[in-house]
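Participant: Okay, here's the structure, questions in a sec.
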Amino acid sequence: MRSRTIAAAAAFGLLTLTGCGAADMTKQASPYADAHGAKTVTLSVQSWVGAQANAAVARYLLEHELGYRVDTVQIDEVPAWDALSQGRVDAILEDWGHPEQEQRYVADKKTIAPGGELGVTGHIGWFVPKYFADTNPDVTDWKNLNKYADRLRTAESGGKGQLLDGSPSYVTNDRALVKNLDLDYQVVFSGSEAAQITQIKQFAKKKKPFLTYWYKPQWLFEQVPMTEVKLPAYEEGCDAEPEKVACAYPHTPLRKFLNARFADAGGRAAEFLKNFRWTTRAQNEVALMIADQKLAPEQAAERWVKKNESTWRAWLPK
Amino acid sequence: MSTTAVARVPLSDTLARYRTALVAGAALVALLLGILFLGGGTWPARLAVDLSGPLGDASDWIIDNRDSHPLFLYFFGHISNAVVLSVRAVYLVLLAAGWAGVTAAAGLVAWRLAGIRPALTAVAAFAVCGLLGMWVPTMQTLALMTVAVTASVLLGAALGLAAGLSDRLHRALRPVLDTMQVLPAFAYLLPVVLVFGIGVPAAVLATVVYAAPPMARLTALGLRGADAGVMEAAASLGATGRQRLLTARLPLARKELLLGVNQSIMMALSMAVIASVIGAGGLGDRVYQALASVDVGAALAAGVPVVLLAVVLDRVTAAAGERIGAAPSRGTALGWAVAAAVATAFALVGRHTGRLLWPDAWTVDIAASVNRAVDWMTAHLYSGVPVVGGTADWAARFTGWVLDPVRDGLQWLPWWTVLLLVAVLAQLVGTWRTALTAVLAMAVIGVLGAWEPALDTLSQVLAAVAVTLLAGVAIGVAAARGPRLERLLRPVLDVFQTMPQFVYLIPVVALFGVGRAPAAAAAVVYALPAVVRITTQGMRAVDPVVLESSRSLGATGWQQLRQVQLPLARPALLLAVNQGVVLVLAVVIIGGMVGGGALGYLVVFGLAQGDLATGLVAGVAIVCLGLMLDRVTQPAGKETRNA
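Residue numbers (my numbering), protein chains in the order written: chain S, 878 to 1195; chain D, 302 to 944.
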């Protein structure tokens, strides 16, 4: 009896708190947004620094040129799509290609709208440090990798060579590649990009050879120059079946996506984000300031913005 | 802690020996039968169920119906909105009070509840949060914590009330609460996110699941522990059930209730950073974002406020709990009125001078110097240290000599032998019932198809627990013997216990490289304080009379330790083992982020890829592993694990 009263009271409390009727699950911004009575845009930031650079510059311009307040939320790629469709975030600025999500949200549910290209082309591959490739030039072809397995062994790789992989959120075919190309290697997942970068830097400090999954554009190349290992050439559709992949990764033009409602009604902010388009070099410049010089993303963005007015002027809505 | 666990020991010695023989005999027979009928190797595929189909469908269904199905529109949607509205309300109040108002209010509340020293600590802590440039994130976290802790306390108290008043509910709730506590937070982030989406509602709900059990346990404990004499007196005075509850039982349970609140707060804070993975914002998000750019200094700057909040809230609620027994001081109402007036005055002054947010000019940037220190340390310790070798060499040796053999050994054992081993251990430590639970838990892992990674994880847990216990008991014994050392250790243990694990992931990888060794190191750092504390307390609790008499018989310090203190502190040591295991397991997932692989990686993978099947199966496997380890290490009675 008592529990029923409590349940009724709780239900009543919920209803009075939220207003009666149906709750809209697609319209729920962050409780921290809008605190100063300003128009707010929420950007999703993925864990790599390139994504931070995009968000930092977009944020700086939205705040200083267009008078918005910007919130950033760090989310992994796939959950970010979900958050975008629900309106928890307004935009993803750097997407590396998620055909399944695109089909579901853009084509079927129409809750997400494409926001054009970012201007940066992404590429995933296998890399060895330049100091290693210089002394052993033939390591840069996958056919010779088995010769070097011994030298790339670590405590974790269990008698085989170590292929260092990164965050679980990244697109990777490496397990299949190692198997299908008959390589004497063990894929070791470092579990996060931070762990992977830290390990690469430690290897580089001691000039130890290593083989790693890595991607471009990436600021770490400035600190640890790396050479790509040639894998069997990529052809359209050769990576269709995850188990049978035996080819290199494609070059992907990175794209932006907006929440559909925001794309329509987001005003100048939405227009600005659609116009936002820069180059790999520009992104790297900002990324390096954040990751290497340890500048706050905001400061890095400010420096870049001060130097490149002609570039970003074109992004502002007329 | 009750003495019933100890009281069971002096059962006749022969019976105990008889039981061991019985168990050993049964095990031998089972072993022979197993060899004859079951064959060897890993868990057979025909006994496994693949859940990826149905779980994938469930997740698709949720995504497709979330915006239209009544379940979401009229139930989850309202919960979600209520959470957002309450967090927002608290946040706006905090912002409106400004830094001066909030700091003053914190100090004054601490003063009224706990006295002058905690008050000064509170003021200093909030000032440091501002100095580190973390004012706004601190307020966001505080707002989220306020709502989450309130919800946990209400839910926990309701459950505890039910369990305290009804024996049947008490029995029914216990396994539920057990599971909620062993459940690693990461494992249920994904389902929560699926239902509520990324953001604050999901974070608050995940926090409540984690933080409510201690409140429920302690409420039930307090109600059940009410003095029978007092209750009878109340009944004889003709009090109704409700009156007895309100005027006698609840007031008598005040101490436990307050301890429950205290524990809920600590658990909730430890979730603050983990919840950032699903977009909770605030300090956790700062730590997480700093991790992405491999910036230990920035992560520390955001981690320190978490530690400070935890220390302040812990000290204030603990001191308030101690005061509760004492007679109420006069002029309490007046004191509160003064406090409220002063806090309001500070807030108003802040408003009128237009200084609501912490001034930027008053911040100190610690990131650069911290990073330099970490770089120096990792550069010098990583390898090539004369004689002892660098940390990388230790890690490689630990992996090669300890982790690999244990893992390979466990995975080499036929699956039924593992079950048998678990059964025998649980039976020797506990009862037939605990043995059954433990074996069933292991069997579930096999059925779910997570056998190999689970054994990999188990090997890491065993190795890390061994290291934790060796170090923890040694330090704990030393601290129990030297009060100076204990005082020195206290703040260090506080920091280790409350510092978000994400902060030390990078240094750990820089020292030990990517792999299972850094995962073990992170687990040891996290579990060590609890083991040290429990050991110290257990050693302290040894009756001084016994110690005195042993000394008078001419025992040396070492003999005393080995033959008197350690045996008498056995229940505490067993509890230390149990807590060590549970805490190490809690870090397993974090270990997945530094190359620990196995179940931890799978859970992180599930969350990152939105893959409910992988994430949930691995999460359930961790829960089962936790249940099994808990049963195998939990000394006979449940009484030892009330808190």
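Cβ coordinates follow ideal geometry from the N, Cα and C atoms, glycine included.
1) Would you kindly work out how many angstroms separate the C-alpha atoms of Gly1143/S and Ser670/D, rounded to a whole number?
2) For Gln951/S, list the residues DSSP reports as bridge partners.
3) Looking at chain S, is there any beta carbon in it that lies within less than 8 Å of the beta carbon of Tyr827/D?
4) Identify the continuous alpha helix (DSSP H) that holds Asp967/S and give its terminal residues.
5) From Thr738/D to Asn879/D, what does the alpha carbon distance come to, in whole angstroms?
6) Mind pulling the chain S residues with CB within less than 8 Å of Pro700/D?
7) Since I believe Val922/S is in contact with Val950/S (beta carbons under 8 Å), could you give me their beta-carbon distance rounded to a whole number of angstroms?
8) Shorter than 7 Å, the distance from the beta carbon of Val921/D to the closest heavy atom of the ligand COA, or not?
9) What are the residues that DSSP puts in a beta bridge with Met837/S?
10) Based on DSSP bridge pairs, tell me the residues matched to Val1065/S.
11) In whole angstroms, what separates the C-alpha of Asn366/D from that of Leu1150/S?
12) With 7 Å as the limit, tell me which residues of the segment 937-965 of chain S have their beta carbon closer than that to any beta carbon of chain D; keep them in chain order.
13) With DSSP collapsed to three states, give me the class of His1000/S.
14) Give me the Cβ distance between Ala1159/S and Asn1185/S, rounded to the nearest whole Å; I'm assuming they're in contact under 8 Å.
15) Buried or exposed: where does His379/D fall if 16 or more other Cβ atoms within 10 Å of its Cβ makes it buried?
16) Name the residue from Leu495/D, Gly431/D and Gly354/D whose alpha carbon lies nearest to the alpha carbon of Ser381/D.
17) Please list the residues of the segment 1064-1092 of chain S that have a C-beta atom closer than 9 Å to any C-beta atom in chain D, keeping them in chain order.
18) Out of curiosity, what's the CA-to-CA distance linking Ala821/D and Ala764/D?
19) Note down the Cα distance separating Ser1200/S from Asp972/S, rounded to an integer number of angstroms.
20) Residues of chain D with CB under 8 Å from Trp925/S, in chain order?
21) Please report whether the beta-carbon of Ser1187/S lies at a distance below 8 Å from any beta-carbon of chain D.
22) Please state whether DSSP places Trp400/D in a helix, a strand or coil.
23) Can you tell which of Ser571/D, Leu323/D, Gly896/D and Gln935/D has its C-alpha closest to the C-alpha of Gln1063/S?
24) Would Trp717/D be called buried (16 or more neighbouring beta carbons within 10 Å of its own) or exposed?
25) What three-state label does DSSP hand Asp931/D in the structure shown?
26) Would you mind sorting Tyr1047/S into buried or exposed? The rule is 16 or more other CB atoms within 10 Å of its CB.
27) For Ala426/D, which residues of its own chain have a beta-carbon under 6 Å away from its beta-carbon, when the five flanking residues on both sides are left out?
28) Determine the extent of the alpha helix (DSSP H) in which Arg791/D is found, giving its start and end residues.
29) Might you give, ordered along the chain, the residues of its own chain that have their beta carbon closer than 8 Å to the beta carbon of Asp931/D, omitting 5 neighbours on each side?
30) Assess, as a yes-or-no matter, whether the segment 389-396 of chain D is touched by the segment 438-448 of chain D under the definition of 3 or more beta carbon pairs within less than 8 Å.
31) Looking at the structure shown, is Glu994/S part of a helix, part of a strand, or coil, going by DSSP?
32) Under a Cβ-count criterion, where at least 16 other Cβ atoms within 10 Å of its own Cβ denotes burial, should Thr919/S be classed as buried or exposed?
33) Starting from the C-beta of Arg942/D, find all residues in its chain whose C-beta is less than 8 Å away, skip the five residues before and the five after it, and write them out in chain order.
34) Between which two residues does the alpha helix (DSSP H) harbouring Pro502/D extend?
35) Report yes or no: do the segment 596-607 of chain D and the segment 922-939 of chain S share at least 3 C-beta pairs separated by less than 8 Å?
36) Does the beta carbon of Val501/D come closer than 8 Å to any beta carbon on chain B?
Facilitator: Walking through what the data contain:
1) Stepping through the first sequence from its first residue, residue 1143/S is reached at position 266. Stepping through the second sequence from its first residue, residue 670/D is reached at position 369. Rounded to the nearest angstrom, the two C-alpha atoms are 42 Å apart.
2) Counting from one through the first sequence, the residue named residue 951/S turns up at place 74. Note: Gln951/S sits in a beta bridge opposite Val922/S.
3) The residue you call residue 827/D lines up with position 526 of the second sequence. No, its Cβ sits nowhere closer than 8 Å to a Cβ of chain S.
4) If you number the first sequence from 1, residue 967/S lands on position 90. Looking at the DSSP string, Asp967/S is not in any alpha helix (DSSP H), and its letter there is neither H nor E.
5) Looking up residue 738/D in the second sequence gives position 437. Looking up residue 879/D in the second sequence gives position 578. Cα-Cα distance, rounded: 16 Å.
6) Counting from 1 along the second sequence, the entry for residue 700/D is found at position 399. Looking at the sequence itself, residue 700/D is Thr, so the reference to Pro does not match. Those within 8 Å of Thr700/D in chain S are Ala1032 and Glu1033.
7) In the first sequence, the residue the question calls residue 950/S occupies position 73. In the first sequence, the residue the question calls residue 922/S occupies position 45. Yes, Val950/S and Val922/S are in contact; Cβ-Cβ is about 7 Å, under 8 Å.
8) In the structure shown, the ligand COA is absent, as is every other ligand, since no ligand is present at all.
9) Only positions 878 to 1195 of chain S appear in this structure, which leaves residue 837/S out of reach.
10) For the purposes of this step, residue 1065/S is taken as residue 188 along the first sequence, with counting starting at 1. In the DSSP assignment, the residues bridged to Val1065/S are Leu1041/S.
11) The residue you call residue 366/D lines up with position 65 of the second sequence. The residue you call residue 1150/S lines up with position 273 of the first sequence. Computed Cα separation, rounded: 29 Å.
12) Val950, Gln951, Ile952, Asp953, Val955, Pro956, Asp959, Ala960, Gln963 and Arg965
13) In the first sequence, the residue the question calls residue 1000/S occupies position 123. Strand at His1000/S.
14) Numbered from 1 along the first sequence, position 282 holds the residue referred to as residue 1159/S. Numbered from 1 along the first sequence, position 308 holds the residue referred to as residue 1185/S. At roughly 7 Å, the Cβ-Cβ gap stays under 8 Å, so Ala1159/S and Asn1185/S are in contact.
15) Position 78 of the second sequence holds residue 379/D. Buried is the call here.
16) The residue labelled residue 381/D in the question sits at position 80 within the second sequence. Of the candidates Leu495/D, Gly431/D and Gly354/D, the one whose C-alpha sits nearest the C-alpha of Ser381/D is Leu495/D.
17) Val1065, Phe1066, Ser1067, Gly1068, Ser1069, Glu1070, Ala1071, Ala1072, Gln1073, Ile1074, Thr1075, Gln1076, Lys1078, Gln1079, Phe1080, Lys1082 and Lys1083
18) Locating residue 821/D in the second sequence gives position 520, counting from the first residue. Locating residue 764/D in the second sequence gives position 463, counting from the first residue. Their backbone Cα atoms lie some 8 Å apart in a straight line.
19) The first residue shown for chain S is 878 and the last is 1195, placing residue 1200/S beyond what the model contains.
20) Taking the first sequence and counting its residues from 1, one reaches residue 925/S at position 48. The answer, in chain order, is Ala593.
21) For the purposes of this step, residue 1187/S is taken as the residue at position 310 of the first sequence. No - not a single Cβ of chain D is within 8 Å of the one on Ser1187/S.
22) If you number the second sequence from 1, residue 400/D lands on position 99. Trp400/D: helix per DSSP, three-state reduction.
23) Position 186 of the first sequence, counted from the start, is the residue given in the question as residue 1063/S. For Gln1063/S, the nearest C-alpha among the options comes from Gly896/D.
24) Start at 1 with the first residue of the second sequence, and residue 717/D comes out as number 416. Counting Cβ neighbours within 10 Å, Trp717/D comes out buried, since at least 16 surround it.
25) Here residue 931/D corresponds to residue number 630 of the second sequence, with the count starting at 1. Helix.
26) What you label residue 1047/S is simply residue 170 of the first sequence in a count that begins at 1. Counting Cβ neighbours within 10 Å, Tyr1047/S comes out buried, since at least 16 surround it.
27) Taking the second sequence and counting its residues from 1, the one referred to as residue 426/D is at position 125. Here the set comprises Leu609 and Val613.
28) If you number the second sequence from 1, residue 791/D lands on position 490. Unbroken alpha helix (DSSP H) run through Arg791/D: Pro784 to Thr799.
29) Residue 931/D sits at position 630 when you count from the first residue of the second sequence. Answer for Asp931/D: Asp479, Val483, Asn879, Val882 and Val883, listed in chain order.
30) Cβ pair count under 8 Å is three or more, so yes.
31) Locating residue 994/S in the first sequence gives position 117, where the first residue counts as 1. DSSP places Glu994/S in strand when its eight states are reduced to three.
32) On the first sequence, position 42 is the one that residue 919/S refers to. When all chains shown are included, Thr919/S counts as buried.
33) In the second sequence, residue 942/D corresponds to position 641, counting from 1. Confidence at Arg942/D is low in this model, with a pLDDT of 40, below 50, so its placement is unreliable and the value that follows should be read with caution. The residues are Leu876, Asn879 and Gln935.
34) Mapped onto the second sequence, residue 502/D falls at position 201. Pro502/D -> alpha helix (DSSP H) spans Val501 to Arg525.
35) no
36) No chain B appears in this structure, whose protein chains are S and D.
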